[in-house]
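Taking it in order: structure first as structure tokens, then the write-up.
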Amino acid sequence: MATDNLSEPVPSEPVDPHADLSSVLPMTAETRDGHLWVGGVDMVELAREAGTALYVMDEEQIRHQLREFRKWTTFHWKDVETVYAAKAFMCKAICRVVHEEGCMVLCASGGELAIALAAGVPASRVQVHGNNKTPAEIREAVLARVDRIVADSLLELERISAVAVELGVEQPVLLRVTPGIRPDTHGYIQTGQEDSKFGFGLNHGLALAGVKRACELPGIDFAGLHMHIGSQIFALQSYSKAIEVMVEFMAEVQRETSCPVRDLDVGGGIGIKYGLADEPSTIEQFGKVVVDGIKEECERHGLTVPRILIEPGRAVVANAGITLYTVGVVKDIPGIRTYVAVDGGMTDNIRPALYGARYECLVANKADQPRTEVVTIAGKHCETGDLIARDTPVQPPETGDIIAVCATGAYCHSMASNYNKQVRPAVVFVRDGEARVVVRRETYDDLMRCDTE
Ligand code: LLP
Numbered sequence: 178m179a180t181d182n183l184s185e186p187v188p189s190e191p192v193d194p195h196a197d198l199s200s201v202l203p204m205t206a207e208t209r210d211g212h213l214w215v216g217g218v219d220m221v222e223l224a225r226e227a228g229t230a231l232y233v234m235d236e237e238q239i240r241h242q243l244r245e246f247r248k249w250t251t252f253h254w255k256d257v258e259t260v261y262a263a264k265a266f267m268c269k270a271i272c273r274v275v276h277e278e279g280c281m282v283l284c285a286s287g288g289e290l291a292i293a294l295a296a297g298v299p300a301s302r303v304q305v306h307g308n309n310k311t312p313a314e315i316r317e318a319v320l321a322r323v324d325r326i327v328a329d330s331l332l333e334l335e336r337i338s339a340v341a342v343e344l345g346v347e348q349p350v351l352l353r354v355t356p357g358i359r360p361d362t363h364g365y366i367q368t369g370q371e372d373s374k375f376g377f378g379l380n381h382g383l384a385l386a387g388v389k390r391a392c393e394l395p396g397i398d399f400a401g402l403h404m405h406i407g408s409q410i411f412a413l414q415s416y417s418k419a420i421e422v423m424v425e426f427m428a429e430v431q432r433e434t435s436c437p438v439r440d441l442d443v444g445g446g447i448g449i450k451y452g453l454a455d456e457p458s459t460i461e462q463f464g465k466v467v468v469d470g471i472k473e474e475c476e477r478h479g480l481t482v483p484r485i486l487i488e489p490g491r492a493v494v495a496n497a498g499i500t501l502y503t504v505g506v507v508k509d510i511p512g513i514r515t516y517v518a519v520d521g522g523m524t525d526n527i528r529p530a531l532y533g534a535r536y537e538c539l540v541a542n543k544a545d546q547p548r549t550e551v552v553t554i555a556g557k558h559c560e561t562g563d564l565i566a567r568d569t570p571v572q573p574p575e576t577g578d579i580i581a582v583c584a585t586g587a588y589c590h591s592m593a594s595n596y597n598k599q600v601r602p603a604v605v606f607v608r609d610g611e612a613r614v615v616v617r618r619e620t621y622d623d624l625m626r627c628d629t630e
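Each residue of the sequence shown is one higher than the last, beginning at 178 in our numbering.
This is how it looks when you write it as structure tokens:
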């Protein structure tokens with residue numbers, strides 16, 4: 178079930194201390210001389226040199242994932258764009274990788290747009306979405322001439338139109354539709370159901386009214402439809418069902434209006450493997466279900482197949498990333514549990530506290546030993562819920578060891594905070610034996626940068 182890693186109670190069955198972690202580690206991970214290596218770099222040495230907590234990303238894997246998405250979607254239909262959802266992990270370096278790999282960047286705010294443009298991604302390769310873009314964010318997007326703005330409401334359509342007319346441009350716009358599908362995932366990250374703050378519902382003619390308005394407003398070039406049903410989805414039938422609904426709506430748009438639907442954007446949400454028991458679909462399966470689904474449904478309704486857009490975020494970066502921490506206090510409470518406290522926590526990974534997410538962990542400097550101890554990896558922050566992994570197997574941990582937490586490449590750095598005035602960790606890309614800091618560690622000065630007195 179897709180929710181396993183997010184909300185299940187902690188498993189009580191004994192875990193296999195010899196379990197192979199390679200399916201949740203970055204693809205270039207290996208064990209050499211008892212140490213975990215990624216991208217040809219010794220993680221123990223890197224942790225000692227660059228300090229911890231530290232995010233490490235396997236650049237080869239990020240590129241590989243992007244290529245897989247392009248390959249397995251364009252295999253079925255040539256006109257497909259992979260638009261990386263930058264909220265999963267965002268900095269200038271990732272934008273450059275995404276652009277180099279021929280993919281577009283999806284921005285969820287003016288801040289993300291500023292970073293993508295500063296990274297040198299042409300605006301024609303950038304899209305912007307969000308359920309309540311501010312007037313300033315709309316202006317920034319139109320001014321930059323982004324490829325598409327996904328409009329979520331009539332108010333946004335009016336605002337985009339006003340700015341576009343003022344600037345004398347035609348802004349291509351997609352209309353976000355909630356197809357009324359509730360995928361099997363954590364409630365906080367379901368977005369396709371009718372009761373949602375996102376987009377236009379299909380009932381009561383709301384979405385159709387949105388399309389009509391988009392077509393009549395000056396300055397707006399109605400380009401097509403958008404959906405995003407949720408995140409960390411394992412069951413591909415959710416996409417099939419949503420596609421059926423969306424293509425049926427395309428047919429209605431064709432019947433009721435003179436506005437062609439040139440683009441159909443199916444959003445992101447493809448699930449990844451956090452725990453060893455997780456069984457997400459492959460990118461190949463996802464590509465087939467989505468692209469063939471759209472082609473078949475279009476054929477059934479006698480519609481021209483539109484340009485197809487997909488917006489993976491997590492599936493591009495999650496398994497490429499690990500977080501390294503140094504073990505501090507090891508507190509054994511007899512008969513209860515052992516807490517292993519590390520030099521980070523909910524400030525660099527809020528997901529266990531927010532969604533009950535579970536992660537596999539190992540001691541990077543004992544990577545060749547079995548994970549015989551069941552411990553709770555705790556953060557250093559002033560909250561009991563500040564846990565990275567509850568009752569999880571690791572090699573016998575001692576003060577000074579380096580803990581590696583697997584599959585933290587998505588929604589960890591991007592959701593990090595300065596709670597307790599913790600400085601946010603650096604991000605290091607590793608590839609072919611080279612490590613480069615792409616985001617430096619914050620300093621105490623950074624923490625006071627915005628104080629005005
Ligand atoms: N497109 C849209 C419109 C989205 O809202 C999102 C994610 C994506 C694409 C990418 O979804 P992905 O492929 O990464 O699942 N913080 C949560 C996830 C929130 C996702 C929000 N929207 C987490 O840590 O699980």
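Cβ coordinates follow ideal geometry from the N, Cα and C atoms, glycine included.
Top-ranked residue by Cα proximity to residue i, from the options
i              : options                        : result
glycine 444    : Gly307, Asp628, Thr229         : Gly307
glutamate 611  : Asp219, Val494, Glu421         : Asp219
histidine 381  : Gly522, Ala400, Val354         : Val354
valine 504     : Ser338, Tyr516, Leu202, Arg491 : Tyr516
alanine 497    : His195, Gly216, His558, Asp210 : Gly216
valine 616     : Ile292, Glu207, Ser199         : Ile292
isoleucine 527 : Ala544, Gly562, His478         : Gly562
serine 435     : Arg244, Phe399, Glu343, Ile449 : Phe399
alanine 518    : Glu222, Tyr502, Thr250         : Tyr502
histidine 403  : Pro349, His363, Lys450, Val342 : Pro349
cysteine 559   : Asp568, Thr569, Phe411, Met523 : Met523
alanine 321    : Lys450, Gln304, Asn309         : Gln304
valine 274     : Ala593, Lys389, Met625, Val494 : Val494
alanine 265    : Val282, Glu226, Thr362, Asp628 : Val282
valine 466     : Gln414, Pro602, Val600, Val571 : Gln414
Residue i, DSSP secondary structure in three states
i              : result
arginine 316   : helix
glutamate 550  : strand
asparagine 182 : Here asparagine 182 scores only 41 on pLDDT, less than 50, and its place in the model is too uncertain to base an answer on.
proline 457    : coil
glutamine 409  : coil
histidine 241  : helix
proline 529    : helix
arginine 432   : helix
lysine 374     : coil
lysine 310     : coil
leucine 223    : helix
tyrosine 261   : strand
leucine 332    : helix
histidine 478  : helix
valine 466     : helix
leucine 379    : coil
valine 192     : coil
valine 493     : helix
cysteine 280   : coil
valine 275     : helix
arginine 322   : coil
glutamine 304  : strand
serine 286     : coil
arginine 390   : helix
tryptophan 254 : coil
Beta-bridge partners of residue i, as assigned by DSSP
i              : result
aspartate 440  : Gly401, Arg484
aspartate 520  : Answer by DSSP bridge pairing: none, since aspartate 520 is not bridged.
leucine 501    : Leu231, Ala581
glutamine 367  : Gly407
cysteine 538   : Val582
threonine 355  : Gly378
aspartate 509  : Thr515
tryptophan 214 : Glu207, Asp219
glutamine 348  : Ile397
isoleucine 447 : Ile410
isoleucine 337 : Its beta-bridge partners do not exist; DSSP assigns none.
valine 327     : Leu351
Residue i at chain C interface by Cβ criterion, 8 Å
i           : result
glycine 522 : This model lacks chain C altogether; it includes just one protein chain.
message: Using 8 Å as the cut-off, can you tell me whether the stretch 251–266 makes contact with the stretch 483–496, which would need three or more C-beta pairs spanning the two stretches below that distance?
response: yes
message: For the stretch 538–545 against the stretch 577–595, do three or more pairs of beta-carbon atoms, one drawn from each stretch, fall closer than 8 Å, so that the two count as touching?
response: yes
query: At what residue ranges does the stretch 542–616 contain a whole run of the beta strand (DSSP E), taking only runs of 3 or more?
result: 550–555, 564–571, 579–583, 603–608, 611–616
query: Touch check for the stretch 542–558 and the stretch 364–381: three-plus C-beta pairs under 8 Å?
result: no
- prompt: Quick one: any contact between the stretch 206–215 and the stretch 448–456, if contact means 3 or more CB pairs under 8 Å?
  reply: no
- request: Count the C-beta pairs between the stretch 243–253 and the stretch 266–273 that are closer than 8 Å, then say yes if the count reaches three, no if not.
  value: no
task: Could you tell me whether the stretch 409–420 touches the stretch 372–379, using the rule of 3 or more Cβ pairs below 8 Å?
output: no
- prompt: Three or more C-beta pairs closer than 8 Å, one from the stretch 343–353 and one from the stretch 319–331: is that the case here?
  reply: yes
- request: Take every Cβ of the stretch 471–485, pair it with every Cβ of the stretch 277–294, and state whether three or more of those distances are shorter than 8 Å.
  value: no
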